[in-house]
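Accompanying notes for the structure given below.
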């Protein structure tokens, strides 16, 4: 078991790490949405709308993750 | 330069003024030749699927690409063979099972339940992103054969894309390689197209049935040459 003080600092550090990671993850999600949008213009197929919807859902998921990081941790 | 043997019987010399006289029935003969080449292409791809999530789509109804001309018929759309996806699918499945493994072997007990919950969500999102990025690399990485040209759209990763094309009459050489157990078993390989266009070489790795693709390109090139002879180059 970690001493209470060290454990507290570690959790704060961990919270900072999670928030930073989720912010970077949002950037990645935006890049995915943008790339799918651009590629859908180049290659038009019947499943493009589903793929675009999946990329947007993924972006929403990453936003929810940041919300959880800010509220739960 | 010696004239093509195919043209010799079609042109006769008028003895009065020594000018070549082209018989009126030349066009139908060439048209039938052109039609025969196209029919052989259709015969080659007969029975191939039109399902848009397959590796080889023959004459797709709901597929187009950005630089496509009006009335330009797409003969085939080729993606990497499905067996090339086995690796990332397996890794994605193992990654998605990892949090359940942690419930059996609890090694992160020092974390509070909230941290564990957020970590699990983060892990599942990462797993989804990994699988999705690999799927996009497969889905948008297409090689298209139309009646006019070949188009290669490469989607290497999220940040690198490449578009290259070559007209059929610029194609100089088509080769394919099929190496290893997997490629021999599932009949896929790398198709290499040498061109006289700006893009000197187009490589299509993981192309399903490369032998058939080479034959399709050969027939289409013959058709294009026939069109050039007819003076009906589009």
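Protein chains in written order, with the numbering used here: chain Z, 7 to 79; chain E, 233 to 466.
Don't be surprised by glycine CBs; every beta carbon is placed ideally from N, CA and C.
Contact between the segment 291-302 of chain E and the segment 44-56 of chain Z is present, with at least three C-beta pairs closer than 8 Å.
Taken in chain order, the complete alpha helix (DSSP H) segments of 4 residues or longer contained in the segment 340-380 of chain E are 345-371. For residue 23/Z, the three-state secondary structure derived from DSSP is helix.
In the structure shown, residue 279/E falls within a coil segment according to DSSP collapsed to helix, strand and coil. The three-state secondary structure of residue 432/E, taken from DSSP, is coil.
In the three-state DSSP reduction, residue 301/E falls in the coil class, being neither helix nor strand.
When 9 Å is used as the limit between beta carbons, residue 31/Z is near these residues of chain E: 354, 357, 358, 361, in chain order. Contact annotation: the segment 356-374 of chain E touches the segment 49-66 of chain Z, with at least three C-beta pairs closer than 8 Å. Following the DSSP letters along the chain, one finds residue 335/E inside the alpha helix (DSSP H) bounded by residues 318-336. According to the DSSP secondary-structure assignment, residue 421/E is paired through a beta bridge with 439/E. Shown here for residue 428/E: same chain residues with a beta carbon closer than 7 Å to its own, the five before and five after excluded, namely 402, 404 in chain order.
One finds nothing in chain E with a Cβ atom closer than 8 Å to the Cβ of residue 23/Z; even the nearest lies about 11 Å away. The beta-carbon distance between residue 16/Z and residue 347/E, rounded to whole angstroms, is 10 Å. This is too long to meet the 8 Å contact definition. Under the Cβ criterion (8 Å, minimum of three pairs), the segment 31-46 of chain Z does not count as touching the segment 283-297 of chain E. Neighbourhood of residue 68/Z in chain E, by CB distance below 8 Å: 357, in chain order. About 14 Å separates the CB atoms of residue 379/E and residue 276/E; that is not less than 8 Å, and the two are not in contact. In the DSSP assignment, the residues bridged to residue 288/E are 310/E.
Going by DSSP, residue 395/E is part of the beta strand (DSSP E) stretching over 392-399.
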